[in-house]
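Asks: Each protein sequence line maps, in turn, to chains A and B.
If you're matching positions, the first sequence starts at 2 in the numbering used here and goes up one per residue.
If you're matching positions, the second sequence starts at 9 in the numbering used here and goes up one per residue.
For each residue, glycine too, the CB sits at the ideal point set by N, CA and C.
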Amino acid sequence: MINLARRDVASHLGRYLLTGFGLGLLIGVTLTMAGVYRGMIDDAKVLLRSGGADIWVVQQNTLGPFAEPSSLQDDVYRSLEGLPGVAETGNVAYLTMQVNHGGKDIRVMVAGYTQGRLGGPSFLVAGRPIAQSHYEAVADTKTGFAVGDRIRIRRNDYTVVGLTRRMVSSGGDPMVFIPLKDAQEAQFLKDNESIVNDRNRLADNPAINRPGQPDVLKAVEAIQTASHRINAVLVRVAQGHDPRQVADNIKRWKHLTAYTSTDMEDILVAKLIATAAKQIGLFLGILAIVSAAIVAFIIYTMTLGKIKEIAVLKLIGTYDRTIAAMIMQEALGLGVIGFFVGKFAATLWAPVFPKYVLLETTDAMRAFVITLLICALASVLAIRVALRIDPAEAIGG
Amino acid sequence: MTTEPAILIENLTKRYGSGPTAVDALKGVNMSIAPGEVVGLIGPSGSGKSTLLKCLGAVIEPTAGRITLAGEVIYNNAWKRTDLRVLRRDRIGFVFQAPYLIPFLDATDNVALLPMLAGVANPAARATALDMLTALDVQHRAHARIPELSGGEQQRVAIARALANRPPIILADEPTAPLDSARALAVVKILNRLAQEFQTAIIVVTHDEKIIPTFKRIYNIRDGKTYEEPGEGRPI
Ligand SMILES: Nc1ncnc2c1ncn2[C@@H]1O[C@H](COP(=O)(O)OP(=O)(O)OP(=O)(O)O)[C@@H](O)[C@H]1O
Ligand SMILES: [Mg+2]
Numbered sequence: 002m003i004n005l006a007r008r009d010v011a012s013h014l015g016r017y018l019l020t021g022f023g024l025g026l027l028i029g030v031t032l033t034m035a036g037v038y039r040g041m042i043d044d045a046k047v048l049l050r051s052g053g054a055d056i057w058v059v060q061q062n063t064l065g066p067f068a069e070p071s072s073l074q075d076d077v078y079r080s081l082e083g084l085p086g087v088a089e090t091g092n093v094a095y096l097t098m099q100v101n102h103g104g105k106d107i108r109v110m111v112a113g114y115t116q117g118r119l120g121g122p123s124f125l126v127a128g129r130p131i132a133q134s135h136y137e138a139v140a141d142t143k144t145g146f147a148v149g150d151r152i153r154i155r156r157n158d159y160t161v162v163g164l165t166r167r168m169v170s171s172g173g174d175p176m177v178f179i180p181l182k183d184a185q186e187a188q189f190l191k192d193n194e195s196i197v198n199d200r201n202r203l204a205d206n207p208a209i210n211r212p213g214q215p216d217v218l219k220a221v222e223a224i225q226t227a228s229h230r231i232n233a234v235l236v237r238v239a240q241g242h243d244p245r246q247v248a249d250n251i252k253r254w255k256h257l258t259a260y261t262s263t264d265m266e267d268i269l270v271a272k273l274i275a276t277a278a279k280q281i282g283l284f285l286g287i288l289a290i291v292s293a294a295i296v297a298f299i300i301y302t303m304t305l306g307k308i309k310e311i312a313v314l315k316l317i318g319t320y321d322r323t324i325a326a327m328i329m330q331e332a333l334g335l336g337v338i339g340f341f342v343g344k345f346a347a348t349l350w351a352p353v354f355p356k357y358v359l360l361e362t363t364d365a366m367r368a369f370v371i372t373l374l375i376c377a378l379a380s381v382l383a384i385r386v387a388l389r390i391d392p393a394e395a396i397g398g
Numbered sequence: 009m010t011t012e013p014a015i016l017i018e019n020l021t022k023r024y025g026s027g028p029t030a031v032d033a034l035k036g037v038n039m040s041i042a043p044g045e046v047v048g049l050i051g052p053s054g055s056g057k058s059t060l061l062k063c064l065g066a067v068i069e070p071t072a073g074r075i076t077l078a079g080e081v082i083y084n085n086a087w088k089r090t091d092l093r094v095l096r097r098d099r100i101g102f103v104f105q106a107p108y109l110i111p112f113l114d115a116t117d118n119v120a121l122l123p124m125l126a127g128v129a130n131p132a133a134r135a136t137a138l139d140m141l142t143a144l145d146v147q148h149r150a151h152a153r154i155p156e157l158s159g160g161e162q163q164r165v166a167i168a169r170a171l172a173n174r175p176p177i178i179l180a181d182e183p184t185a186p187l188d189s190a191r192a193l194a195v196v197k198i199l200n201r202l203a204q205e206f207q208t209a210i211i212v213v214t215h216d217e218k219i220i221p222t223f224k225r226i227y228n229i230r231d232g233k234t235y236e237e238p239g240e241g242r243p244i
């Protein structure tokens, strides 16, 4: 038996391929949307894992430090280190800000950490880790900075000594690591004018600026300008201890909130990304419907264009299932072309996207199956029309 | 021993619709056609010619009467067979006014499709198709695309298709209408030759004054009833 679908398609290959190509671009957009979502989740996971923390200790009753602000004294780590199961800690401070690079402002997340403790960049693709206690930085390659470049953060210049990769905030901003002390300063640093204002106010206060006792004023000024606050303490759990147990312990005894890394993943994925996920989900639904409509429309018009031929086919004894198979195969063919065009297009344009696009094979496979299902469904309308064609039509009057 | 008629129609009636708008297209048709015979079916427009062919071709269901093909009763107030498509595929060849070839298949495959549908393997079906195209003298266009064929060539391919499964019956509804008189006569000549060669019974519905004189026997249908007339049987 001849494959009728193949012959029919071959007879207007151009139109068919063009339709498949258009469908492919739609599928490409669909795959990319799924990839954007996967990328967001993956970014969040990389961000959480890179610090090497099993537990995140944050301000009591907050979802910090990413989903809600969290502020802690920078000496709580001392009391944490006394708890059983705590192997290592690290103070971290985060601030999102604009920095200038080659005359252009870019948004980065500045992360302060203590050298040799938890919270630093997990691996470097170039350069070396921070060695000085001040004014050195490790930047994500996505910032565009190179080793040796200078970054201005608030009033200080930092020298980029190393580069890391795939380190972005949950908002997708590339990270710049600097020493914790510098970050604390940057976080709470006021601009010159407010410092002058504050100084004047202090100086005008007779309770503080006592004649003959200039040290009191100096001490109060030092307290006001120095910051001893951080956003979170990262904790690595000693071997043989259950992170959940240790976290519960911290909550019970220290009036702090502690999240295991799985809790943190839930917070980031469920709370921060949830809306984005819903939006993308809705978008995927619309794309599926649009694709189905396109396939249905094309297959339907292709079938309407063949009414006489189908009537003849029926007249000369072709079974309904052969005719239905022809239409179904044409629809599935569009799906297969569309899928491969889409996969190719998505792979081609994914790196151009500003945010990480993670194209997962399982997503692609799922998309393939869904595409074929949609195409099969879309052909049902055309098949119904074809099966209702009366073979008597071939004979005419 | 008398040969069994290829087609025997007795008291066939066909009513379209029901109630006050019903149309009695056939009101008791009787016909008998021997194997190898070519008969003309003529009559004014709306007299029921196409209706008769459709009933005979198992495309529409008659209302009452009896149809016997080569001794097998296929209709007796109701179809005696369940699979009418197989009946059409194996026993009846159709030729229409317009050739209605499948445009996305070449000439050979248009013809080969019929044996293929009957389960013949592709190479064998194509060999049969080529034989038929040769019999109709269009073998040189065997691999041409349908839109590239002339009207006459298309009609010959259509006839080859009607013959491909060697059906004992061919039903032709105004097969020469789109053709000039030389080509129309050529088609009738071919039909006569094939009737002889394959012992096929052929009914040709026609209005065509050029070909009516060639029939040896004619059924004239008027107001849903058939009247048998001798034809001139003029040689072509
Ligand atoms: N599907 C139908 N429904 C209702 N009436 C029909 C239908 N088909 C044909 N008729 C009627 O049946 C009668 C016979 O029609 P038929 O098509 O058999 O005529 P015909 O002899 O082939 O005419 P022509 O020479 O114009 O082709 C006509 O009155 C026609 O209007
Ligand atoms: Mg007619």
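Quick check on DSSP: helix, strand or coil for M9/B?
Replies: With a pLDDT of only 43 at M9/B, under the threshold of 50, the placement of this residue in the model should not be trusted; the figure read from the coordinates follows. Looking at M9/B - three-state DSSP - the assignment turns out to be coil, as it is neither helix nor strand.
Asks: Can you tell me where the beta strand (DSSP E) with I50/B in it begins and where it stops?
Replies: V46 to I50 is the span of the beta strand (DSSP E), which, as asked, contains I50/B.
Asks: Identify the continuous beta strand (DSSP E) that holds L34/B and give its terminal residues.
Replies: L34/B -> beta strand (DSSP E) spans V31 to I41.
Asks: State the Cα-Cα distance for the pair G241/A and R253/A, rounded to the nearest angstrom.
Replies: If I take the Cα positions, the gap works out to 21 Å.
Asks: Within the same chain, show all residues whose beta-carbon is closer than 6 Å to that of M9/B, passing over the 5 residues directly before and after it, in chain order.
Replies: Here the model assigns M9/B a pLDDT of 43, short of 50, so the residue's position is not dependable and the matter cannot be decided.
Asks: Which residues mark the beginning and the end of the alpha helix (DSSP H) in which Q245/B is found?
Replies: A query on residue 245/B cannot be resolved here, the shown segment of chain B reaching from 9 to 244 and no further.
Asks: Give the interface partners of R8/A over in chain B, defined as CB-CB distance under 7 Å, in chain order.
Replies: Per Cβ cutoff of 7 Å: F112 and L113.
Asks: Can you tell me which residues fall inside 5 Å of ligand 1, judged by beta-carbon distance to its nearest heavy atom, and keep chain order?
Replies: Counting every residue whose Cβ lies closer than 5 Å to a heavy atom of ligand 1, we get G398/A, Y24/B, V31/B, A33/B, S53/B, G54/B, S55/B, G56/B, K57/B, S58/B and T59/B.
Asks: Any C-beta of chain A within less than 7 Å: which residues of the region 52 to 84 of chain B qualify?
Replies: Cβ contacts with chain A come from S58, L61, K62, V67 and I68.
Asks: For Y108/B, decide whether its Cβ has a neighbour in chain A, counting only Cβ atoms nearer than 9 Å.
Replies: Closer than 9 Å: yes.
Asks: With a Cβ-Cβ cutoff of 9 Å, do V247/A and L119/A count as a contact?
Replies: No, the pair does not count as a contact, with Cβ atoms beyond the cut-off.
Asks: Consider the Cβ of E310/A: report whether some Cβ of chain B lies at a distance smaller than 9 Å.
Replies: Yes, E310/A counts as interfacial toward chain B.
Asks: Comparing alpha-carbon positions, which option in A120/B, A14/B, P43/B and R93/B lies nearest E205/B?
Replies: For E205/B, the nearest C-alpha among the options comes from P43/B.
Asks: For A379/A versus V296/A, is the C-beta distance shorter than 9 Å?
Replies: A contact, by the Cβ cut-off of 9 Å.
Asks: G438/A lies in the alpha helix (DSSP H); which residues open and close that run?
Replies: Any question about residue 438/A goes unanswered here, given that chain A covers just 2 to 398.
Asks: Regarding E80/B and ligand 3, is the C-beta to nearest heavy atom distance less than 8 Å?
Replies: With respect to small molecules bound, the structure shown includes ligand 1 and ligand 2 and not ligand 3.
Asks: Does the CB of F206/B have a neighbour CB from chain A at under 9 Å?
Replies: For F206/B, the answer is no, since every Cβ of chain A falls outside 9 Å of its Cβ.
Asks: Could you confirm whether any beta carbon from chain A is found closer than 9 Å to the beta carbon of L121/B?
Replies: Cβ-Cβ to chain A under 9 Å: yes for L121/B.
Asks: With contact counted as at least three CB pairs below 8 Å, one residue from each stretch, are the region 158 to 171 of chain A and the region 43 to 59 of chain A in contact?
Replies: Counting Cβ pairs under 8 Å, three or more are found: they touch.
Asks: Which stretch, first to last residue, makes up the alpha helix (DSSP H) that contains G334/A?
Replies: D321 to W350 is the extent of the alpha helix (DSSP H) around G334/A.
Asks: Which first and last residues belong to the beta strand (DSSP E) in which E182/B is found?
Replies: It is not in any beta strand (DSSP E) - E182/B carries neither H nor E in the DSSP assignment.
Asks: Taking the beta carbon of A35/A as the centre, do at least 16 other beta carbons fall within 10 Å, making it buried, or is it exposed?
Replies: That one is buried.
Asks: State buried or exposed for E45/B, treating a residue as buried only when at least 16 other CB atoms are found within 10 Å of its CB.
Replies: Burial call: buried.
Asks: Could you name the residues of the region 26 to 45 of chain B whose beta carbon sits closer than 9 Å to any beta carbon of chain A, in the order they occur along the chain?
Replies: Those would be none; no residue qualifies.
Asks: P180/A and H135/A look like a contact to me (Cβ under 8 Å); what is the Cβ gap, rounded to whole Å?
Replies: Yes, P180/A and H135/A are in contact; Cβ-Cβ is about 6 Å, under 8 Å.
Asks: Check for me: the alpha helix (DSSP H) holding L61/B runs from which residue to which?
Replies: Where L61/B is concerned, the enclosing alpha helix (DSSP H) stretches over K57 to L64.
Asks: For the region 63 to 149 of chain A, list the beta strand (DSSP E) runs that are entirely contained and at least 3 residues long, ordered along the chain.
Replies: For the region 63 to 149 of chain A, whole beta strand (DSSP E) runs of length 3 or above, ordered along the chain, are 87 to 102, 105 to 114 and 137 to 141.
Asks: Thinking C-alpha only, which one of R155/A, A54/A and N4/A is nearest M98/A?
Replies: The shortest Cα separation from M98/A among R155/A, A54/A and N4/A belongs to R155/A.
Asks: Which residue from G53/A, L96/A, R79/A and T304/A puts its Cα closest to that of A68/A?
Replies: The shortest C-alpha separation from A68/A is found at L96/A.
Asks: Could you spell out where the alpha helix (DSSP H) holding D364/A opens and where it closes?
Replies: Element bounds for D364/A: T362 to R389.
Asks: Please list, in chain order, the chain B residues whose beta carbon lies closer than 7 Å to that of A395/A.
Replies: Per Cβ cutoff of 7 Å: F104 and Y108.
Asks: So, helix, strand or coil for F298/A, using DSSP?
Replies: In the structure shown, F298/A sits in a helix (DSSP, three-state: H, G or I).
Asks: Can you tell me whether F284/A is helix, strand or coil according to DSSP?
Replies: Helix, per DSSP.
Asks: Any contact of the region 76 to 87 of chain A with the region 275 to 293 of chain A, i.e. 3+ C-beta pairs under 8 Å?
Replies: No: the two stretches stay apart, fewer than three of their Cβ pairs being nearer than 8 Å.
Asks: Less than 8 Å separating the Cβ of V213/B from some heavy atom of ligand 2?
Replies: Yes, since a heavy atom of ligand 2 falls inside the 8 Å radius drawn around the Cβ of V213/B.
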